[in-house]
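Peer 1:
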Amino acid sequence: MPQVGPGQVLVRVSAAALNNTDIWTREGAYGLPGRPDAKAGWRGPIDFPRVQGGDIAGIVTAVGAGVPEDVAGRRVLVDPAFYADGHDDAVPVGLLGSEADGGFATYVAVDADRVHDMSDSPLSDEELAALPVAYGTAMGMLERAHIGEGETVLVTGASGGVGFALVQLAVARGARVVALTGGAKAAALRQAGAAATVSRDGDPARELRAAAPGGLDAVADVAGGPWLERVLPELRDGGRWVIAGAVAGAVVPFDLRRLYLHNLSLIGSSMHTRAHFAKLAELARAGTLRPRIAARYPLSAIHDAQAEFRRGTHIGKLVITP
Ligand SMILES: NC(=O)c1ccc[n+]([C@@H]2O[C@H](COP(=O)([O-])OP(=O)(O)OC[C@H]3O[C@@H](n4cnc5c(N)ncnc54)[C@H](OP(=O)(O)O)[C@@H]3O)[C@@H](O)[C@H]2O)c1
113 MPQVGPGQVL VRVSAAALNN TDIWTREGAY GLPGRPDAKA GWRGPIDFPR
163 VQGGDIAGIV TAVGAGVPED VAGRRVLVDP AFYADGHDDA VPVGLLGSEA
213 DGGFATYVAV DADRVHDMSD SPLSDEELAA LPVAYGTAMG MLERAHIGEG
263 ETVLVTGASG GVGFALVQLA VARGARVVAL TGGAKAAALR QAGAAATVSR
313 DGDPARELRA AAPGGLDAVA DVAGGPWLER VLPELRDGGR WVIAGAVAGA
363 VVPFDLRRLY LHNLSLIGSS MHTRAHFAKL AELARAGTLR PRIAARYPLS
413 AIHDAQAEFR RGTHIGKLVI TP
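Basically our numbering = 1-based index in the sequence shown + 112.
(1) Return no unless some Cβ of chain B is closer than 9 angstroms to the Cβ of Val279.
(2) What would DSSP say about Ala242, mapped onto helix, strand or coil?
(3) Between Met113 and the rest of its own chain, which residues show a CB-CB distance below 7 angstroms, the 5 nearest in sequence each way excluded?
(4) At a cut of 8 angstroms, does the region 249 to 260 reach the region 283 to 299 through at least three beta carbon pairs?
(5) Locate the beta strand (DSSP E) running through Val188, then write down its first and last residues.
(6) Would you mind working out which of Asp213, Asn131 and Asp225 sits nearest Arg386, comparing C-alpha positions?
(7) For Ser78, is the classification buried or exposed, using 16 other Cβ atoms within 10 angstroms of its Cβ as the cut-off for buried?
(8) In its own chain, which residues sit with a C-beta less than 6 angstroms from the C-beta of Gly294, not counting the 5 before and 5 after it?
(9) With which residues is Gly248 paired in a DSSP beta bridge?
(10) Our contact map puts Lys429 next to Ala299 with C-beta atoms below 8 angstroms; I'd like the distance itself, whole angstroms only.
(11) Do Val274 and Val290 have their CB atoms nearer than 9 angstroms?
(12) What does a CB cutoff of less than 7 angstroms around His426 pick up in its chain, not counting 5 residues either side in sequence?
(13) Is the beta carbon of Arg312 within less than 8 angstroms of some heavy atom of ligand 1?
(14) Roughly how many whole angstroms lie between the Cα atoms of Thr133 and Tyr142?
(15) Where are the beta strand (DSSP E) runs, 3 residues long or more, that stay fully inside the region 305 to 349, in chain order?
(16) Using a Cβ-Cβ cutoff of less than 8 angstroms, which residues in the same chain neighbour Arg342 once the five nearest sequence positions on both sides are dropped?
(17) Is there at least one non-hydrogen atom of ligand 1 closer than 8 angstroms to the beta-carbon of Val245?
(18) Give a yes or no on whether the C-beta atoms belonging to Leu377 and Arg352 are separated by under 9 angstroms.
(19) Under the DSSP definition of a beta bridge, which residues are partnered with Asp223?
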């Protein structure tokens, strides 16, 4: 049982979702500046032992000194980010499950200011747990790249956690989404609101030109790898490329002239700010956003859950229910 410190609450975990970062953190796959192959967590070295899991929904069962008693008993969504300072737009510099213990457990002690009351949300605990890392990251990308109404945006990794969230959130803002995806996932992405899909197994360049003949206003990318070099020329003048992941390769060559000659912006995006997370929590309370749950596993089967995550045939989020 974790100890509840001053200013903290004890949360009984109802659901905790899986993310790619659980696997990359376990493997130390983030590299270090100048040493891309070095074993490291996303912010550098990791202290052990460590309970992973950045996505937590649950019930507050106890409060520490200084926290109002009536917080106990509330159903909450936990913001997993540690921020650089107290401002609403402070950058994230840590994550539950990486820099502190997370939600792959029956109980977790967290700072009280990171729990958001979800008593009135129509979302299930599993749907809530699907939100923080994937939808938080997607929200951060859309906000930082100012992707909005009427814009044509390509989403990569579209069937994955962050990608699917990007499709749903961008559509909800009135953007026209073209989804890059593999396998037989196109129908589910269209159902989620994508106007067109491009298969990364076929002839993506031709399909992309057909799907966005006037070019792209923005690319929301979690794949990286060869896609930057291939798709950058498809951005209209003044377009934005926002990147938050590198599942297709981290170290890439690309033609800088395509960037500066067209006044393009390349934007790195990690997780979310407090302001972004507050927007997400508001959507969860209103129930206007319904994440897609691909499968559920008990905590005792977390190895099977990570193996399924790795296979990558699922669409949406895999959730652990302790
Ligand atoms: N910066 C941050 O704050 C942050 C936060 C969360 C995640 N991330 C990063 O974002 C990436 C995605 O995370 P996730 O949790 O969404 O993972 P995920 O659920 O595994 O989704 C990744 C998706 O990428 C696609 N993909 C796989 N291999 C690919 C390839 N070779 N080329 C193009 N697409 C490929 C697949 O979708 P399709 O089959 O539909 O193409 C897959 O479902 C990871 O690199 C993760 O570390 C970053």
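Just so you know, even glycine gets a beta-carbon here, dropped at the ideal spot from N, CA and C.
Peer 2: To lay it out plainly:
(1) Protein chains in the displayed structure number just one, and chain B is not present.
(2) coil
(3) Tyr219
(4) yes
(5) Arg187 to Val190
(6) Asp225
(7) The chain is shown from 113 up to 434; residue 78 falls before or after that span and cannot be answered.
(8) Arg312 and Asp313
(9) In DSSP, Gly248 forms no bridge with anything.
(10) The pair is not a contact, with the Cβ atoms about 18 angstroms apart (cut-off 8 angstroms).
(11) no
(12) Ala406, Ala407 and Glu420
(13) yes
(14) 9 angstroms
(15) 308 to 311 and 328 to 333
(16) Pro316 and Ala317
(17) yes
(18) Here the sequence assigns Ser to residue 377, which means Leu is not the residue at that position. Yes, the pair counts as a contact, with Cβ atoms nearer than the cut-off.
(19) Gln120
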